[in-house]
Amino acid sequence: MNEMHNPYGRSPGGGITLPPYYRPTPSCSSNNFFPPNEHLAKGEMRICFVGSTPWPPTLKQSGTAIMLELGNGTAFPRRLFFDFGNGCVKNILQLGVQPPLIRDVFISHLHVDHYADLPYLYPFRAWSGGWREGMRIFGPSGDRPETGTRYMIDKMKEMLTWHLENFDHCPIGEGFNIDVTEFDYKDDNGICLQEDGLTVRHWGRSHVKSGASAYRVDWEEAGLSFAWTGDGRPDESTIEFAQGVDVFVTEGQADVMQLLNYKYGTPKEVLQFTIDTYHTPYYAAGYLMSKIQPRVGVICHYSEEPEGEAITEIRAHWPGLFLYGGPDIKVINVTKDRIWDRMALRPQSAAISPPDMRDVFPEGQLPDTIPIPKPRLPREEQQDAYLRERELDPNVYYPADVRRPLTQHYDEKTFVMDVKAMIAARDHTD
Ligand SMILES: [Zn+2]
Ligand SMILES: [Zn+2]
96 MNEMHNPYGR
106 SPGGGITLPP
116 YYRPTPSCSS
126 NNFFPPNEHL
136 AKGEMRICFV
146 GSTPWPPTLK
156 QSGTAIMLEL
166 GNGTAFPRRL
176 FFDFGNGCVK
186 NILQLGVQPP
196 LIRDVFISHL
206 HVDHYADLPY
216 LYPFRAWSGG
226 WREGMRIFGP
236 SGDRPETGTR
246 YMIDKMKEML
256 TWHLENFDHC
266 PIGEGFNIDV
276 TEFDYKDDNG
286 ICLQEDGLTV
296 RHWGRSHVKS
306 GASAYRVDWE
316 EAGLSFAWTG
326 DGRPDESTIE
336 FAQGVDVFVT
346 EGQADVMQLL
356 NYKYGTPKEV
366 LQFTIDTYHT
376 PYYAAGYLMS
386 KIQPRVGVIC
396 HYSEEPEGEA
406 ITEIRAHWPG
416 LFLYGGPDIK
426 VINVTKDRIW
436 DRMALRPQSA
446 AISPPDMRDV
456 FPEGQLPDTI
466 PIPKPRLPRE
476 EQQDAYLRER
486 ELDPNVYYPA
496 DVRRPLTQHY
506 DEKTFVMDVK
516 AMIAARDHTD
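FYI, in my numbering the residues of the sequence shown are 96 to 525.
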């Protein structure tokens, strides 16, 4: 192990690995992140780790998922999601993000801990007002069509057949559309998205099967960059294509197989075999950081234990700023001259903020009325009539003074949102 010294120069009382730029950014209003009311300044990046572990999921760690927010000076930062593991939807909603605004998802590879919440979000997002546009999913090809991202999405829809038909009784509009960009996993450093002053590139990773990828985002407008390795063995490609990135996020596994055997009972040989063919030991994570020279090295997709040992392995190579991308929900703010990390404060109860149509029209152009899309598959067309006929007569359970007609059919005259009236009702202005 290297002799420790402060790589940023003498800084008594400033720690050994903390640079002068480790300090709160202008957007950080508190020592905790209070979603959703903290405004993200233009040109500032915020990274929310809304899931951070492959296995086992715990009260503190959901399946891996990273929400990257790029501040544009409005209440609606540009959002990109990297992986979408089990349990991340709950965390994203707790950050106050409206479901229709979860749109662009980049899947690193098709291990289910990286996309398990997608079939959950997809129909509920459509139902929750995601009528105007469907999701965009980006992901690698595989060694044949059946191992690629497009195939997974097609089969996901097939798996959801009952659910999608059932929800088509509701207003769905465009919500079930998925625009899939399946890129060639071998097209190293190829571009899979370029718009709004940002470029997303990808490269192939060694993760047993062809078709695992890493991503790098260059936000040219702000001069900031971010990389997420997904899963894989430490490789030359990552050193080459993540070179000089501001925020380098890699997976990590502590190389302490005997200890993990004591804790979980898994044979040491199986653990070694898994890390040595699939994953990045912390030593290698530190080595990658030392070669890439990010402003901050981050580990996500990890198990919290044993933390002290893990950091020591990283420090064998990387003396610079290191932060954990977890547990849920770690938040890292980044500007050109500052980096700061905090935990988000989360409510115990449902955190979906009250319906605010301004959120669904981020460009600020609120129409007077919004038609509610016509359902495509009323229940009369997908349900045996006897099931409806056996429903109880509402008169037996509604007291007479609260009785109202049931809304069981779409009526284009009444299925219209009167925007001004809804805002006024909520704001109690009349
Ligand atoms: Zn994984
Ligand atoms: Zn994996």
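The beta carbon of each residue, even a glycine, is placed where N, CA and C say it ideally should be.
Your pair Trp435 and Thr120 checks out as a contact, with CB atoms roughly 5 Å apart and the cut at 8 Å. Nearest C-alpha to Trp226 among Gly234, Ile267 and Pro376: Ile267. Within the same chain, Cβ atoms closer than 6 Å to the Cβ of Leu366 are found at Met352 and Leu355, the five residues on either side in sequence being excluded. The beta carbon of His209 sits closer than 7 Å to at least one heavy atom of ligand 1. In the DSSP assignment, Arg231 falls within the beta strand (DSSP E) that extends over Met230 to Pro235. The set of residues with any CB-heavy atom separation to ligand 2 below 6 Å comprises, in chain order, His204, His206, His302 and Asp326. The alpha carbon of Tyr103 has as its nearest neighbour, out of Pro414, His504, Ile518 and Pro422, the alpha carbon of Pro414. Within 10 angstroms of the beta-carbon of Glu364 lie fewer than 16 other beta-carbons, which makes it exposed.
At least one heavy atom of ligand 1 is found less than 7 Å from the C-beta of Thr159. Between ligand 1 and Pro149, a heavy atom-to-CB distance of less than 7 Å is present. Membership of Trp298 in the beta strand (DSSP E) is indicated by the continuous run Leu293 to Arg300.
Around the beta carbon of Pro194, 16 or more other beta carbons sit within 10 angstroms, so the residue counts as buried. By DSSP's assignment, Ile465 forms a beta bridge with Met512.
Within its own chain, the residues whose Cβ lies closer than 6 Å to the Cβ of Leu216, once the five positions on either side in sequence are excluded, are Val184, listed in chain order. DSSP places Gln503 outside any alpha helix (DSSP H), giving it a letter other than H or E. Using a Cβ distance threshold of 8 Å, Gly306 and Arg296 do not count as a contacting pair.
Rounded to the nearest whole angstrom, the C-alpha separation of Arg231 and Thr276 is 8 Å. In this structure, the straight-line span from the alpha carbon of Glu335 to that of Arg433 is close to 25 Å. Restricting attention to beta strand (DSSP E) runs no shorter than 3 residues, the segment 197-247 encloses them at 199-201 and 230-235, ordered along the chain. Around the Cβ of His100, a 10 Å sphere holds fewer than 16 other Cβ atoms; the residue is exposed.
Remark: C-beta atoms of Glu408 and Gly381 approach each other more closely than 8 Å. The segment 141-160 makes contact with the segment 171-191, as at least three CB pairs between them are under 8 Å. In this structure, Ser320 and Arg311 form a Cβ contact; the two beta carbons are roughly 7 Å apart against a cut-off of 8 Å. Cα atoms of Arg471 and Leu482: separation of roughly 20 Å, rounded to the nearest angstrom. DSSP, read as helix, strand or coil, puts Ser332 in helix.
DSSP places Asp371 in the uninterrupted alpha helix (DSSP H) bounded by Lys363 to Tyr373. If you compare the alpha carbons of Leu163, Gln460 and Gly158 with that of Gly138, the shortest gap goes to Leu163.
Annotation: Gly392 to Glu260 spans about 45 Å, alpha carbon to alpha carbon.
Excluding five sequence positions before and after Gly168, the CB atoms of its chain that fall closer than 6 Å to its own CB belong to Lys137, given in chain order.
For Ile273, the pairing in a beta bridge is given by DSSP as Met230.
Shortest Cα-Cα distance from Cys265 to any of Arg521, Lys515 and His504 involves His504.
Annotated three-state conformation of Thr112 is coil, per DSSP. At least 8 Å separates the beta-carbon of Pro235 from that of Ser332. The straight-line gap separating the alpha-carbon atoms of Lys425 and Lys252 is approximately 32 Å. Annotation note: the segment 395-456 contains the following uninterrupted alpha helix (DSSP H) runs of length 4 or greater, listed N- to C-terminal: 402-410 and 452-455. Here Ala322 is bridged, per DSSP, to Arg311 and Phe343.
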